[in-house]
């Protein structure tokens, strides 16, 4: 067990270092440019609500940039390793498939966490330079984004194992991301739709992850313990589904 | 083994959904509450799709300020109409004072102001700054206290203990009965709050000046000058401070 765990750690660290070398810092340049540009605009247009506008814009941008990077990585990593035959090399050694998948997922999540932390630090620095204190519950907002990213990354790994290309994985994951933010609307429609339509919508509530549960960036406040439990269950659930598919693959 | 993993996956996913369904209560208004013109619908869909209601509420707030900051092309309301609540109940020659209150371009009809302000709260009812700004502008600048109260009451449906909205609601009630000193007393606790719109501070300074409390008025103008990032309010505060200083009154 200890040996398998050290395999997971090795794969995760390797995956993380690969991610860092792969246009990782270009992302921060994009974020820094967009954030500074927004701060100039917000200073002119938002007047007395500049702090709020800058905070909201920054947190949304941080999440979307980290999401783009995480999805791009999750949708292409397994396909790329299969195409370059790297995966054959890995499985020719005593590496269990579950440890490989868990390591890849952990590496992706570590990358997301580091990205969120670095962009968050840049954002707070910008706010400070504009003369604003750190927003209340800022860390909770970033934690909520990380929980969302953990669920969607795990789902993207699962989708990438049955979809035909990285693009289709990106599209499917993007649709799930969007649908997951419509949880309030889906529930509202389910309550107001009779018959089969209502039944389908109720099923959708159970099938699609409710990202609003983690959306502290939007609703404010802190994350309940149940949010962490839900994110863990969904991440593990999607990871196990991906593992079931990975076991079917011939390498 | 594969079947076991698939069953475990389904079980974990269902357990996650069960927790989510049982604990999640939306802090936002239902979608049936969101009313927006066709040109704003795409933005609202994006707001919902990316879970960015706050950000899009900010965008709508900027639009509201741009709308309110643009002089009306058609015949607008006169300052005397808009600031009627400042006139004494029994008549009298206070029209000049009321006109003086129409500092910058606060007076007018601005027919879309209320739906725009309401839309911000429909997206994010916790945006207290927008609620206070919208309601204060409607009640004190445009003499539309009914709409101002409706705006505040909408926000209070989702945050019933928001003392700032409650204070402003009381102040609007006093403005209906044309009692400027009671209005000033009601909004006084709001003035130190970071969410307090600068136009309320300016109104309070004006009311203080009108009541002869020149030192308090000077303190408020000094506060506007140091805290507001709106150049028109800052320049007006500078002008008022200079006038008060000429009479030997400095901020307390």
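Protein chains in written order, with the working numbering: chain A, 953 to 1203; chain B, 24 to 275. The beta-carbon is built from N, C-alpha and C at its ideal position, and this holds for glycine as well. Everything numeric in this text was worked out from a predicted model, so none of it was measured.
Residue range of the alpha helix (DSSP H) that includes residue i
i              : result
residue 299/B  : It is not possible to answer for residue 299/B, since the shown part of chain B is limited to 24 through 275.
residue 59/B   : Here residue 59/B belongs to no alpha helix (DSSP H), and DSSP marks it neither H nor E.
residue 1010/A : 1002-1035
residue 150/B  : Where residue 150/B is concerned, there is no enclosing alpha helix (DSSP H), given that its DSSP letter is neither H nor E.
residue 966/A  : 954-973
residue 270/B  : Segment: none, residue 270/B is in no alpha helix (DSSP H) and carries neither H nor E.
residue 1191/A : 1177-1200
residue 130/B  : It is not in any alpha helix (DSSP H) - residue 130/B carries neither H nor E in the DSSP assignment.
residue 1067/A : 1049-1081
residue 1169/A : 1168-1171
residue 169/B  : 168-181
residue 1039/A : 1038-1043
residue 1147/A : 1147-1159
residue 1106/A : 1090-1112
Any C-beta of chain A under 9 Å from that of residue i
i             : result
residue 163/B : no
residue 34/B  : yes
residue 220/B : yes
residue 116/B : For residue 116/B, the predicted model reports a pLDDT of 49, less than 50, meaning its position is unreliable and no value from the coordinates is stated.
residue 37/B  : yes
residue 26/B  : yes
residue 206/B : no
residue 8/B   : Given that chain B is displayed from residue 24 to residue 275, the structure contains no residue 8/B and the question cannot be resolved.
residue 40/B  : yes
residue 43/B  : yes
residue 31/B  : yes
residue 128/B : Summary for residue 128/B: the model assigns pLDDT 48, below 50, so the residue's position carries little reliability; its value from the coordinates is reported in the next sentence. No, residue 128/B lies away from the interface with chain A (no Cβ there is under 9 Å from its Cβ).
residue 47/B  : yes
Own chain residues within Cβ distance below 7 Å of residue i, not counting five before or after
i              : result
residue 1095/A : 1175
residue 1026/A : 1060, 1105, 1108, 1109, 1112
residue 76/B   : 51, 70, 146, 147
residue 986/A  : 1013
residue 1075/A : 987, 1010, 1014
residue 271/B  : none
residue 224/B  : 214, 243, 246, 247
residue 1052/A : 963, 1042
residue 171/B  : 158, 161, 162, 195
residue 991/A  : 1006, 1078, 1082
residue 1098/A : 1064, 1065, 1068
Chain-order list of residues whose beta-carbon lies under 6 Å from that of residue i (same chain, five-residue window excluded)
i              : result
residue 1007/A : 1087
residue 967/A  : 1056, 1059
residue 245/B  : 274
residue 116/B  : The pLDDT assigned to residue 116/B is 49, lower than 50, so where the model puts this residue is not dependable, and the model offers no usable value.
residue 263/B  : 244
residue 152/B  : 218
Within-9 Å CB hit, residue i to chain B
i              : result
residue 1000/A : yes
residue 1161/A : yes
residue 1182/A : yes
residue 1089/A : no
residue 1095/A : no
residue 967/A  : no
residue 1172/A : yes
residue 1031/A : no
residue 1012/A : yes
residue 1200/A : yes
residue 1109/A : no
residue 1099/A : no
residue 1069/A : no
residue 1186/A : yes
residue 1157/A : yes
residue 1079/A : no
residue 1072/A : no
residue 1022/A : no
residue 1176/A : yes
residue 1165/A : yes
Residues near residue i in its chain [Cβ-Cβ closer than 8 Å; skip 5 each side]
i              : result
residue 135/B  : 90
residue 1195/A : 1049, 1050, 1053
residue 237/B  : 231, 267, 270, 272
Take every Cβ of the region 1119-1126 of chain A, pair it with every Cβ of the region 1148-1161 of chain A, and state whether three or more of those distances are shorter than 8 Å.
no
Tell me whether the region 1109-1117 of chain A and the region 1130-1144 of chain A touch, counting them as touching only if at least three CB pairs, one residue from each stretch, are closer than 8 Å.
No: the two stretches stay apart, fewer than three of their Cβ pairs being nearer than 8 Å.
Members of the region 49-73 of chain B that neighbour chain A once the beta carbon cut-off is set at 8 Å:
49, 50, 51, 53, 54, 55, 71, 72, 73
Does the region 164-171 of chain B come close enough to the region 180-189 of chain B to have 3 or more Cβ pairs within less than 8 Å?
no
Which residues, in order along the region 72-91 of chain B, keep a beta-carbon less than 8 Å from a beta-carbon of chain A?
For chain A, the residues of the region 72-91 of chain B that bring a beta carbon within less than 8 Å of one of its beta carbons are 72, 73, 74, 75, 76, 77, 78, 81, 84, 85, 88, 89, in chain order.
Using Cβ-Cβ distances below 9 Å, what residues of the region 137-169 of chain B are close to chain A?
Within the region 137-169 of chain B, the residues whose Cβ lies closer than 9 Å to some Cβ of chain A are 147, 149, 150, 152, 153, 156, listed in chain order.
Cβ contact (3+ pairs, closer than 8 Å) linking the region 25-33 of chain B and the region 1160-1174 of chain A:
Remark: fewer than three beta-carbon pairs, one from each stretch, lie closer than 8 Å, so the region 25-33 of chain B and the region 1160-1174 of chain A are not flagged as touching.
With contact counted as at least three CB pairs below 8 Å, one residue from each stretch, are the region 1047-1055 of chain A and the region 954-962 of chain A in contact?
yes
Taking Cβ-Cβ distances below 9 Å as the criterion, which residues of the region 1123-1151 of chain A are in contact with chain B?
1129, 1130, 1131, 1132, 1133, 1134, 1135, 1136, 1137, 1139, 1140, 1141, 1144
Are the region 79-92 of chain B and the region 203-213 of chain B touching, with three or more C-beta to C-beta distances below 8 Å?
No, they do not touch.
By the 8 Å beta-carbon criterion, what residues does the region 1040-1066 of chain A contribute toward chain B?
none
contact_flag[the region 1137-1153 of chain A, the region 38-55 of chain B] where n(CB pairs < 8 Å) is 3 or more:
With a cut-off of 8 Å, the region 38-55 of chain B and the region 1137-1153 of chain A count as touching, because enough Cβ pairs lie within range.
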